[in-house]
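Trainee: In our numbering, the protein residues as written are 7 to 468.
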């Protein structure tokens, strides 16, 4: 592999809905036998098979960086997000002088001529639809293992008390463990691959993205994924730079197309940092600095710092509802039993804490607010653009903030409201001839406030 530019190669809706999807059952992978032993931590989601679909993967996040962990064998997929990877740019679409039509629209409404009023709203008040500018995936980190034969004692879990996604299984006579977490103190995604026998870790590690990105070899142990968010090949948005460093414990580390190959190591630690130009400044330097700081710490130090930070928030609230006798059952089987009418108070308590966990993972002070999918999105063009529906959906994301003792996680929502004010003042003046500020049913990372869409939802005045 050559370095630099010559080495380039191209390569749902609300938190509540997301919770339902992630708890849903997943199809088992071929030749995998699940473990019957539940995790030691009772506040864990756990499964006996890898995720087959994105909605079955397990989320980790630090408010800014997020990942969906599939727990696959022989290939692991870890889908990546950074909360400012958005297509598009700031723009205004207000219809100046639209307020002149408001008296006639009111007259039609009071006369019961609703369809005529709607037509007038759409012709004279609502702006031309804002072109698609979706929140987007950062890309995928894939790890391929040379496992042959059956996989036994497989267990995939998400420990809500530590914020660590873990995959454990046996291939032949070797037990493998993978741990993944998004560290808020160190601002990196951390992946650890280990085995209970020496020289047993061999794998191919690659970065990729569906569109608009290229991978470069930056150093003997680091690659970058760089690109620019666009939508349908247009509407250029932020530039991004993700850096992946692979630290092998012994063995060999060799560059390959898209990443690295680890051969016969005792273990490997993967560190991923990512920044964008959303807030301006030398964003690539930021990613390099994050990676350098994290790289000076051992895996044990990174893990301990992450767990301490996570528990400082998570352990503020406990909920007990009368025992958890079904904890020995995988989470998908418990959910299926509840659908059939069984009572499972322990699963309800787990569900409650999972809601808190998702807010912790998608909204931290200084970051963007949690969007329609928190911060977790695998698409270039997401459903509803994975944007902010400010008529009700974003409020639903933040319902747990105060009542479950996560008050500071509310701050990104207040920042969003404050950032709507400058354009909202112009919209109030141009569209309604009013003082103050106004927004409507939806916005995005560029904080547009114009009324758009159809009358039945676009005239939702926020």
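By construction, the Cβ of each residue, glycine as well, lies at the ideal position given by its N, Cα and C atoms. Just so we're clear, the structure is a prediction, and the values are computed from it rather than from any experiment.
Assuming residue 226 contacts residue 272 under a Cβ cut-off of 8 Å, what Cβ separation, rounded to an integer in Å, is found between them?
Mentor: Translated into positions along the chain shown, residue 226 becomes position 220. Translated into positions along the chain shown, residue 272 becomes position 266. Incorrect: roughly 19 Å between the Cβ atoms, too far for contact.
Trainee: What separation, rounded to the nearest whole angstrom, lies between the Cα atoms of residue 452 and residue 167?
Mentor: For the purposes of this step, residue 452 is taken as residue 446 along the chain shown, with counting starting at 1. For the purposes of this step, residue 167 is taken as residue 161 along the chain shown, with counting starting at 1. Using only the alpha carbons, I get a separation of about 34 Å.
Trainee: For the 8 Å Cβ check, are there 3 or more pairs between the region 377-386 and the region 283-294?
Mentor: With a cut-off of 8 Å, the region 283-294 and the region 377-386 do not count as touching, because too few Cβ pairs lie within range.
Trainee: DSSP on residue 400, reduced to helix/strand/coil?
Mentor: Taking the chain shown and counting its residues from 1, the one referred to as residue 400 is at position 394. The answer is helix: DSSP assigns residue 400 an H, G or I state.
Trainee: Quick check: the region 98-112 against the region 429-441, are at least 3 beta-carbon pairs closer than 8 Å?
Mentor: Contact holds: three or more Cβ-Cβ distances are below 8 Å.
Trainee: Name the two residues that bound the continuous alpha helix (DSSP H) containing residue 270.
Mentor: Here residue 270 corresponds to residue number 264 of the chain shown, with the count starting at 1. First-last for residue 270: 265-271, but that is the beta strand (DSSP E), not the alpha helix (DSSP H).
Trainee: Nearest CA to the CA of residue 171: which residue from 161, 222, 240 and 177?
Mentor: For the purposes of this step, residue 171 is taken as residue 165 along the chain shown, with counting starting at 1. The shortest Cα separation from residue 171 among 161, 222, 240 and 177 belongs to 161.
Trainee: Please report how far the alpha carbon of residue 235 lies from the alpha carbon of residue 143, in whole angstroms.
Mentor: Translated into positions along the chain shown, residue 235 becomes position 229. Translated into positions along the chain shown, residue 143 becomes position 137. If you take the alpha carbons of residue 235 and residue 143, they lie about 9 Å apart.
Trainee: Express the C-alpha separation of residue 443 and residue 135 in angstroms, rounding to a whole number.
Mentor: Locating residue 135 in the chain shown gives position 129, where the first residue counts as 1. Locating residue 443 in the chain shown gives position 437, where the first residue counts as 1. Those two C-alpha atoms are separated by around 20 Å.
Trainee: Check whether the region 193-202 touches the region 57-76, taking contact to mean three or more Cβ pairs, one atom from each stretch, closer than 8 Å.
Mentor: Yes: the two stretches touch, three or more of their Cβ pairs being nearer than 8 Å.
Trainee: Do you know offhand how far residue 480's Cα is from residue 279's?
Mentor: Outside the displayed span of the chain (7 to 468) sits residue 480, for which this structure offers no information.
Trainee: When you compare each of 146, 79 and 199 to residue 264 by their alpha carbons, which one comes out closest?
Mentor: Sequence index remark: in the chain shown, residue 264 carries index 258 (1-based). Closest option to residue 264, Cα to Cα, is 146.
Trainee: Hey, how far is the Cα of residue 212 from the Cα of residue 85?
Mentor: As a working note, residue 212 is residue 206 in the chain shown. As a working note, residue 85 is residue 79 in the chain shown. C-alpha separation (whole angstroms): 12 Å.
Trainee: For the pair the region 41-56 and the region 149-156, tell me if three or more CB-CB distances fall below 8 Å.
Mentor: Verdict: no, contact absent.
Trainee: If you compare alpha carbons, which of 354, 399 and 131 is closest to residue 328?
Mentor: As a position in the chain shown, residue 328 is number 322, starting the count at 1. Considering only alpha carbons, the answer is 354.
Trainee: Nearest by alpha-carbon distance to residue 247: which of 292, 240 and 275 is it?
Mentor: The count along the chain shown starts at 1 and reaches residue 247 at position 241. When only C-alpha atoms are compared, the closest one is 292.
Trainee: Hey, how far is the Cα of residue 158 from the Cα of residue 41?
Mentor: Here residue 158 is taken as the residue at index 152 of the chain shown, counted from 1. Here residue 41 is taken as the residue at index 35 of the chain shown, counted from 1. Each residue's alpha carbon lies about 7 Å from the other.
Trainee: In three-state terms, what does DSSP make of residue 395?
Mentor: Reading the chain shown from its first residue, position 389 is the one you call residue 395. Residue 395 falls in the strand class under three-state DSSP.
Trainee: According to DSSP, what are the bridge partners of residue 246?
Mentor: Reading the chain shown from its first residue, position 240 is the one you call residue 246. Bridge partners of residue 246: 233 and 282.
Trainee: Grouping DSSP H, G and I as helix and E and B as strand, with all else coil, what is residue 84?
Mentor: The sequence position of residue 84 within the chain shown is 78, counting from 1. If DSSP states are grouped into helix, strand and coil, residue 84 belongs with the strands.
Trainee: Helix, strand or coil: which one does DSSP assign to residue 361?
Mentor: The residue you call residue 361 lines up with position 355 of the chain shown. Helix at residue 361.
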